[in-house]
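The number in my numbering is simply the position in the sequence shown, starting from 1, with 2 added.
We treat Cβ as the ideally placed atom computed from N, Cα and C, and that holds for glycine.
Notes to accompany the following structure.
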Amino acid sequence: FLSKSFYPSTNMKLYVCLIFMVITAPCNCAAAQITWKQAYQKAHIALSTLSLDEKVALGTGTGNGLCIGNTAAITKINWPGLCLQDSPLAVRVAYNVTGGIAGINTAATFDRNLALRRAHEIGSEFRGKGINVQLGPDINLARVPEAGRNWEGFGEDPYLTGIMAQLSIQGVQDYGVIATAKHYILNEQETDRLNGTSNADDRTIHEVYAWPFARAIEADVGSVMCSYNQVNGIYGCENEDILNRILRQEMNFQGFVQSDWGSTHSGAKSLMAGLDMDMPGPDTFWGANLLVSLQNGTVTQRNIDTMAARILATWYKFGQDQNYPPVGVNSQDPERAPFMDVQDSHKKTIREIGAASAILLRNLDDVLPLNNVTSLGIIGTDAGTGFYGPGGCTEGPCDTGTIAAGWGSGGSYFFDLVTPFQGITSRAHKNTRIKSSLSNSLTSAVQVAGAVDVAVVFVNADSGEGSDRLNLSLWNGGDDLINAVAQVNQNVIVVIHTPGAVLMPWVDKVKGIINAGLPGEETGNSIADVLFGDVNPSGRLPYTIARKSSDYAAHASITQPVIYSEGLFIGYRWFDAKNITPLFEFGYGLSYTSFSYSNLSIQNQGKTIVISASITNTGGTVGAEVPQLYIGFPQNAEEPPKILRGFEKIMLNPGQMSSVSFLINISKELSVWDTPSRTWKVLSGQYGVYVGASSRDIRLYGMLHI
Numbered sequence: 003f004l005s006k007s008f009y010p011s012t013n014m015k016l017y018v019c020l021i022f023m024v025i026t027a028p029c030n031c032a033a034a035q036i037t038w039k040q041a042y043q044k045a046h047i048a049l050s051t052l053s054l055d056e057k058v059a060l061g062t063g064t065g066n067g068l069c070i071g072n073t074a075a076i077t078k079i080n081w082p083g084l085c086l087q088d089s090p091l092a093v094r095v096a097y098n099v100t101g102g103i104a105g106i107n108t109a110a111t112f113d114r115n116l117a118l119r120r121a122h123e124i125g126s127e128f129r130g131k132g133i134n135v136q137l138g139p140d141i142n143l144a145r146v147p148e149a150g151r152n153w154e155g156f157g158e159d160p161y162l163t164g165i166m167a168q169l170s171i172q173g174v175q176d177y178g179v180i181a182t183a184k185h186y187i188l189n190e191q192e193t194d195r196l197n198g199t200s201n202a203d204d205r206t207i208h209e210v211y212a213w214p215f216a217r218a219i220e221a222d223v224g225s226v227m228c229s230y231n232q233v234n235g236i237y238g239c240e241n242e243d244i245l246n247r248i249l250r251q252e253m254n255f256q257g258f259v260q261s262d263w264g265s266t267h268s269g270a271k272s273l274m275a276g277l278d279m280d281m282p283g284p285d286t287f288w289g290a291n292l293l294v295s296l297q298n299g300t301v302t303q304r305n306i307d308t309m310a311a312r313i314l315a316t317w318y319k320f321g322q323d324q325n326y327p328p329v330g331v332n333s334q335d336p337e338r339a340p341f342m343d344v345q346d347s348h349k350k351t352i353r354e355i356g357a358a359s360a361i362l363l364r365n366l367d368d369v370l371p372l373n374n375v376t377s378l379g380i381i382g383t384d385a386g387t388g389f390y391g392p393g394g395c396t397e398g399p400c401d402t403g404t405i406a407a408g409w410g411s412g413g414s415y416f417f418d419l420v421t422p423f424q425g426i427t428s429r430a431h432k433n434t435r436i437k438s439s440l441s442n443s444l445t446s447a448v449q450v451a452g453a454v455d456v457a458v459v460f461v462n463a464d465s466g467e468g469s470d471r472l473n474l475s476l477w478n479g480g481d482d483l484i485n486a487v488a489q490v491n492q493n494v495i496v497v498i499h500t501p502g503a504v505l506m507p508w509v510d511k512v513k514g515i516i517n518a519g520l521p522g523e524e525t526g527n528s529i530a531d532v533l534f535g536d537v538n539p540s541g542r543l544p545y546t547i548a549r550k551s552s553d554y555a556a557h558a559s560i561t562q563p564v565i566y567s568e569g570l571f572i573g574y575r576w577f578d579a580k581n582i583t584p585l586f587e588f589g590y591g592l593s594y595t596s597f598s599y600s601n602l603s604i605q606n607q608g609k610t611i612v613i614s615a616s617i618t619n620t621g622g623t624v625g626a627e628v629p630q631l632y633i634g635f636p637q638n639a640e641e642p643p644k645i646l647r648g649f650e651k652i653m654l655n656p657g658q659m660s661s662v663s664f665l666i667n668i669s670k671e672l673s674v675w676d677t678p679s680r681t682w683k684v685l686s687g688q689y690g691v692y693v694g695a696s697s698r699d700i701r702l703y704g705m706l707h708i
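This is how it looks when you write it as structure tokens:
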């Protein structure tokens with residue numbers, strides 16, 4: 003069921019918990035799933051027994067219920083109604099769930115295995131709570147550094163986001179939970195998202211912003227959420243070009259399209275354009291209004307049957323008609339939900355991903371890891387306690403305490419937060435004297451910093467749904483705090499908790515910098531693991547950190563329309579094309595050891611290119627390297643200088659050498675979108691092959707002729 007337009011050509015460890023299983027990989031976690039063809043056959047049989055009212059009810063939100071989104075039950079076909087629930091990282095508005103780790107951190111691991119394990123555990127918790135549809139993953143791109151929801155997604159690169167999208171969807175749907183790829187499409191800022199229009203050309207849409215959605219459909223995603231914004235002047239949920247042409251005809255999407263909450267602006271027009279489910283409902287557009295549209299001839303019986311079949315078929319496809327658990331959440335009052343602890347041992351994964359996603363940006367004089375430190379200072383409000391329950395930091399910005407997650411519908415409650423102060427003090431050597439100032443008071447910070455050998459300064463920035471960051475500066479006087487500490491201590495380490503890029507005017511005044519992202523409830527243990535060397539940092543930047551804000555190609559726009567004038571040149575592609583030197587480039591990250599690259603091999607096998615290289619750990623510590631493959635297209639392709647087309651993560655002992663291979667599907671990963679013919683084309687010519695440790699640190703180079 004993959005379209006020609008977008009498709010180019012174990013061991014198990016079991017944990018049994020209550021009524022469900024958690025399995026690392028591979029996973030056989032739910033009722034046997036069936037093919038789309040079989041699912042549609044079952045759907046059409048069920049539809050033949052339904053009235054028009056019941057068919058319309060399948061796609062009409064009830065506006066209230068136990069979940070964030072709800073549809074009504076239809077007992078004659080044993081349809082319980084659907085429970086749709088946030089968020090991309092954990093079950094939202096629920097207790098006894100794991101406080102998950104942000105998508106941006108997952109991307110920073112560049113680790114497929116960890117991404118899939120995270121997704122399996124998310125899937126197990128959603129299924130354990132009886133939720134039919136997870137409202138995630140968020141696969142919009144970090145086009146603008148200030149965007150409020152960048153932390154929910156996987157960064158600035160379409161390829162990396164596409165891989166992480168596939169793994170996130172696979173893991174969740176392995177448990178029979180329907181995943182939702184959102185927000186389709188061009189929803190890269192929060193400013194004026196409800197009414198504004200994002201305008202991009204057809205090639206840019208296909209090669210950049212639709213790329214992750216195409217990969218999601220290859221992973222059999224069950225639902226796609228259309229976005230609030232207009233796309234080229236037409237609202238996303240009534241835009242026939244993006245829903246019917248691109249999503250269904252080109253990508254051959256088989257599931258159902260649901261609206262973002264309140265993003266439906268019409269009835270018949272939206273239905274004809276490809277919308278299937280109106281959320282949260284009820285409103286004047288869907289439900290009874292569709293029956294009126296049928297009577298006056300603006301929609302047909304076939305239109306309504308098609309809508310209903312898509313929803314029912316998706317339910318059957320993932321085996322939800324077979325012993326699916328009852329709903330175990332109450333979004334109106336979570337305290338009244340039945341007690342159901344679905345956490346199992348998932349905190350271990352949160353801690354592991356938190357450490358694996360920590361990006362070591364600077365390590366002068368090997369100030370890290372912290373070995374034989376006599377006295378240690380812990381400075382900054384970000385090292386202290388934050389509240390992530392109802393009314394807390396996942397529902398609005400927090401000015402005090404550590405930032406472990408952003409706010410809005412992308413977050414979740416967690417009550418077992420391990421703060422950086424707690425994580426460090428529990429891990430530090432018993433002979434290490436620890437002094438602290440868990441505020442951003444400059445006076446207190448200077449007193450502590452002047453009395454210790456090493457000062458670790460915790461700073462942050464926050465963001466969330468509904469607004470974009472006003473600038474790229476640290477919050478709560480973070481820059482001043484770092485400058486003050488650096489004046490009295492020569493061994494300053496800065497730990498940044500942030501949803502995305504921040505400016506670092508103090509970069510040359512400190513010896514160590516760790517970008518820790520938004521690591522979830524195990525944040526303190528994760529950072530302690532890295533600081534003390536229990537985990538060798540291997541995180542890599544999933545976005546570009548510029549020297550100054552004006553270096554970026556685009557920013558959150560307060561004027562309309564929002565023009566994607568940079569076209570294909572998103573993120574590092576812009577910096578490369580304009581020859582702008584970033585402070586820290588995409589894919590960058592240091593280690594406590596070192597690696598060398600050798601033996602580049604390029605083999606053209608017809609439909610597939612196999613590119614391999616040897617990686618050697620040349621240092622004295624076991625560690626993981628992330629070799630990255632970039633491809634440069636022929637000049638007449640008018641592509642960016644190079645684009646990511648592969649990555650691997652390998653763990654190596656000191657002195658160990660290992661080979662990595664990248665498989666390139668020619669018709670998919672070496673093709674460009676030709677707008678006049680509306681097809682993908684592979685151009686003949688010379689292609690550059692770049693293998694390196696980041697988008698700028700290229701270690702091996704070769705040529706490939708197609």
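Coarse secondary structure for residue i, derived from DSSP in three states
i           : result
residue 428 : helix
residue 42  : helix
residue 400 : coil
residue 548 : coil
residue 363 : strand
residue 126 : helix
residue 99  : coil
residue 627 : strand
residue 164 : helix
residue 448 : helix
residue 140 : strand
residue 170 : helix
residue 351 : helix
Burial state of residue i, where buried means 16 or more other Cβ atoms lie within 10 Å
i           : result
residue 34  : exposed
residue 644 : buried
residue 388 : buried
residue 55  : exposed
residue 531 : buried
residue 392 : exposed
residue 703 : exposed
residue 341 : exposed
residue 417 : exposed
Contact under 8 Å by Cβ, residue i with residue j
i           : j           : result
residue 264 : residue 288 : no
residue 615 : residue 537 : no
residue 375 : residue 434 : yes
residue 647 : residue 161 : yes
residue 460 : residue 560 : no
residue 597 : residue 574 : no
residue 186 : residue 215 : yes
residue 49  : residue 310 : yes
residue 352 : residue 524 : yes
residue 512 : residue 494 : yes
Contacting residues, own chain, Cβ-Cβ under 8 Å from residue i (five flanking each side not counted)
i           : result
residue 235 : 199, 201 and 563
residue 551 : 147, 473, 474, 505 and 557
residue 1   : What the structure shows of the chain is the stretch from 3 to 708, and residue 1 is not part of that stretch, so it cannot be assessed.
6 Å CB neighbourhood of residue i in its chain, flanking five on each side removed
i           : result
residue 603 : 614
residue 622 : 656
residue 117 : 108, 166 and 169
residue 480 : 461
residue 157 : 109, 144, 544 and 545
residue 173 : 118, 121, 122 and 125
residue 242 : 275
residue 705 : 688
Same chain only: Cβ atoms within 7 Å of residue i, ignoring 5 sequence neighbours per side
i           : result
residue 255 : 219, 226 and 249
residue 60  : 73, 310, 313 and 314
In chain order, what are the residue ranges of uninterrupted beta strand (DSSP E) at least 3 long that sit wholly in the region 660 to 707? 674 to 676, 681 to 683, 688 to 694 and 700 to 707
Length-filtered (3 minimum) beta strand (DSSP E) runs lying within the region 242 to 317: As far as the region 242 to 317 is concerned, its whole beta strand (DSSP E) runs of at least 3 residues are 258 to 261.
Jot down the residue ranges of each uninterrupted beta strand (DSSP E) in the region 547 to 624, minimum 3 residues, whole runs only, in chain order. Listed in chain order, they are 597 to 606 and 610 to 619.
Of all the alpha helix (DSSP H) runs that stay within the bounds of the region 68 to 116, which reach a length of 4 or more residues? 105 to 111
Ignoring anything shorter than 4 residues, give me the alpha helix (DSSP H) runs that lie fully in the region 175 to 224, in order along the chain. 213 to 220
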